[in-house]
Amino acid sequence: MMRCAVKGGAARVVGGERRSSSSLGSRRSVVRMPEDRGFCCGVRSRAADLAGLEMGRPSAAAGFFRSPRYGRVRATAGVDAEDILPDKVQAKSSGNVLPYVGVACLGAILFGYHLGVVNGALEYLSKDLGIAENAVLQGWVVSTTLAGATVGSFTGGALADKLGRTRTFILDAIPLALGAFLSATAQDVRTMIIGRLLAGVGIGISSALVPLYISEISPTEIRGALGSVNQLFICIGILAALVAGLPLAQNPAWWRTMFGISVVPSILLALGMAVSPESPRWLFQQGKLSQAEAAIKKLYGKEKVTEVMYDLKASGQGSNEADASWLDLFSKRYLKVVSMGAALFLFQQLAGINAVVYYSTSVFRSAGITSDVAASALVSAANVFGTVIASSLMDKQGRKSLLITSFSGMAASMLLLSLSFTWKALAPYSGTLAVVGTVLYVLSFALGAGPVPALLLPEIFASRIRAKAVALSLGMHWICNFFIGLYFLSVVNKFGISTVYLGFASVCALAVLYIAGNVVETKGRSLEEIERALSLPGKADASAFLASDE
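Just so you know, full-length UniProt numbering puts 242 at position 242 of the sequence shown, and the rest follows in order with no gaps.
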């Protein structure tokens, strides 16, 4: 019979029993464990794990005791031993989060639709509004949405922390619907720009809110797949905008209908969120425990209430800490993880996705594909197909491996595109190679660089900074998007498209090195486990903890 003890007001295992005592009182409790030969506080006996049992100092590991028969048993400071739940007896969820994920994804569809709708409609609305010869005003109609999205991204984080996730969604429907209505009924360019600005604010809020809400309500085992659905529905929104533009050739006034129909999903988003449960994690952070339990019951079933509430308590956060301010994001405690999130979106945008999509039409024309619609449809199909594959692999291969594979494929594709424009030996095949390079690039992007950052960020950010940190990272995304759109053509005219593509390939290669050295794997871990792991003093400790059990 083996004996094992842990000091510091934590736990003892004596024979076949595990006794828990607290330094704050004399109360003792016993959790019976199976007698397994060779079992002594589980197979994890590192000092770092045991240190997590010290009262008042919950570590990332927080004492993960493992038993071959019962699986994992958690013991965390501040949680009574009788509340510790072995995985074996955890009840299967009887709830269903899919309807609520579907409602949230209306925001992702609107994100993609409002970005894509102007491309087909610009020529026709410019004639109707009298700006056909004014490239500057046409540029404002396009870029105002990006400027509004930047504002909306930062605003959305603060609103989500203050009002909650579902109420912020409902509020977000106002600029989305109003912006679409003003754009559809505009009689002058000023009204059109105001409408596009409001729609931009709306998609900026939803760009941060959709992945945040999905990550917080999704079960751990399918969080990756559900999180990547966000990117899939953005692609569907872009594709819907392309399809909506098909009648334009026969009916030039159809552009008003294209903008107007987006009012419908905006209203559905507000109605759907009115009956959707609030994020249990936000409710718990606000100290609204009874409401958190009700939300858990609605999402996962009453069988999971005790387990999920335990996980929330075990994170060591709860309502003990106030919501973080914007300045807190740059404190020593959070700076490293926040900079990681911003870096992923910087690499995503600087890797050249917008440039490739922008030039795809001319690339396909060089290969004999003269239809702009066909070119756009091919790019969109590659994007959707890649995202579907990523969704199926997200919880199997993991986020980090998909990112590395994605950026590696993008680097190779960019190199192929660059060579197809400059290498004389490839001149007879340049058109075909350019099309292949473009499709492979978009496919590689959709496998990881597209869906993973928006999924990974809510996972790695602590609960008290999650909304603002996601908003900050998405803000970087929109700022980069805006400036790339502003200066891209000037850079191409000065250096040539081949050199620019080579620069994008270099950025992709740098992204691979950065991800390999800095990004941690999060698949198969609850948000609370990840939060505790990333609170460890060193990255090596956190990576080792997150890598265990894989």
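Glycine residues also receive a C-beta, built at the ideal position from the N, C-alpha and C atoms.
Where residue i falls, given that 16 or more other Cβ within 10 Å makes a residue buried
i: THR185; result: exposed
i: ARG190; result: exposed
i: VAL442; result: buried
i: ILE530; result: buried
i: ILE267; result: exposed
i: residue 561; result: No answer is possible for residue 561: it lies beyond the span of the chain, which begins at 1 and ends at 550.
i: ALA160; result: buried
i: GLY368; result: exposed
i: VAL308; result: buried
i: ALA533; result: buried
i: TYR100; result: buried
i: PHE345; result: buried
i: TYR113; result: buried
i: LYS468; result: buried
i: GLY318; result: In this prediction, GLY318 scores a pLDDT of 44, lower than 50, which makes its location untrustworthy; the coordinate-derived value is nonetheless stated afterwards. So GLY318 ends up on the buried side.
i: TRP423; result: exposed
i: PRO428; result: exposed
i: GLY71; result: For GLY71, the predicted model reports a pLDDT of 39, less than 50, meaning its position is unreliable; a value from the coordinates is still stated below. Label assigned to GLY71: exposed.
i: THR139; result: The residue asked about is misnamed: residue 139 is Gly in this sequence, not Thr. Classification for GLY139: exposed.
i: ALA516; result: exposed
i: MET1; result: In this prediction, MET1 scores a pLDDT of 43, lower than 50, which makes its location untrustworthy; no coordinate-derived value is stated.
Closest by C-alpha distance to residue i, when choosing among the options
i: PRO175; options: LEU269, GLU303 and TYR441; result: LEU269
i: SER408; options: TRP326, VAL507 and ASN383; result: VAL507
i: GLU123; options: LEU110, TRP254, LYS424 and LEU350; result: TRP254
i: LEU178; options: VAL264, LYS162, VAL101 and VAL151; result: VAL264
i: residue 556; options: ASP395, SER276 and GLU521; result: Beyond the ends of the chain as shown, which are 1 and 550, falls residue 556; an answer cannot be given.
i: GLY524; options: CYS480, PRO428, ASN493 and GLN397; result: GLN397
i: SER143; options: VAL201, THR168, PRO247 and ALA249; result: VAL201
i: GLU216; options: GLN138, TYR300 and SER401; result: TYR300
i: GLY120; options: PRO247, PHE169, LEU137 and TRP478; result: PRO247
i: LEU440; options: MET410, SER360 and ALA295; result: MET410
i: ALA104; options: TYR359, ALA412 and THR168; result: THR168
i: ARG281; options: ASN251, THR166 and ASN493; result: THR166
i: ALA324; options: ALA462, ALA425 and SER262; result: ALA462
i: ILE261; options: ILE205, GLU221 and LEU182; result: LEU182
i: LEU486; options: LEU146, GLU133 and ALA132; result: LEU146
i: ALA413; options: VAL492, LEU489 and SER498; result: Residue identity differs from the one stated: residue 413 is Ser in this sequence, not Ala. Cα-wise, what sits closest to SER413 is SER498.
i: GLY450; options: ASN493, VAL118 and SER228; result: SER228
i: GLY102; options: LEU513, ASN230 and SER331; result: ASN230
Pair within 9 Å by beta-carbon distance, residue i and residue j
i: ARG399; j: VAL519; result: yes
i: PHE347; j: ALA511; result: yes
i: THR257; j: ALA244; result: yes
i: ALA135; j: ILE203; result: no
i: ILE484; j: ALA355; result: yes
i: GLY156; j: SER218; result: no
i: THR405; j: GLY352; result: no
i: LEU502; j: LEU415; result: yes
i: VAL379; j: THR438; result: yes
i: PHE284; j: ALA180; result: no
i: MET394; j: GLY224; result: yes
i: GLY116; j: ILE238; result: yes
i: LEU402; j: VAL452; result: yes
i: PHE482; j: GLY386; result: no
i: ILE465; j: VAL338; result: yes
i: SER360; j: ALA375; result: yes
i: GLY349; j: HIS477; result: With the sequence shown as reference, residue 349 is identified as Gln, and Gly is not the correct amino acid for it. The answer is yes: Cβ separation under 9 Å.
i: LEU226; j: VAL97; result: yes
i: ASP172; j: SER526; result: no
i: PRO277; j: LYS302; result: no
i: LEU242; j: ALA425; result: no
i: LEU335; j: LEU327; result: no
i: ALA295; j: SER279; result: yes
With three or more beta-carbon pairs closer than 8 Å as the criterion, would you say the region 461-480 touches the region 378-397? No: fewer than three Cβ pairs fall under 8 Å.
Mind listing, in chain order, the continuous alpha helix (DSSP H) runs of no fewer than 4 residues lying wholly within the region 279-359? 280-285, 289-300, 305-314 and 335-350
Would you call the region 186-202 and the region 415-430 touching, i.e. three or more CB-CB distances under 8 Å? no
Determine, using beta-carbon pairs with one atom in the region 282-292 and one in the region 128-143, whether at least three such pairs fall under 8 Å. Contact fails between the region 282-292 and the region 128-143, because fewer than three Cβ pairs, one in each stretch, are under 8 Å apart.
Do the region 448-465 and the region 203-212 make contact, defined as three or more Cβ pairs closer than 8 Å? Yes, they touch.
For the pair the region 219-234 and the region 105-120, tell me if three or more CB-CB distances fall below 8 Å. yes
4-residue-minimum alpha helix (DSSP H) runs that sit fully inside the region 210-271, ordered along the chain: 223-244 and 254-260
Contained alpha helix (DSSP H) runs [length at least 4] in the region 446-484, N- to C-terminal order: If one requires a minimum length of 4 residues, the alpha helix (DSSP H) runs lying completely within the region 446-484 are 452-460, in chain order.
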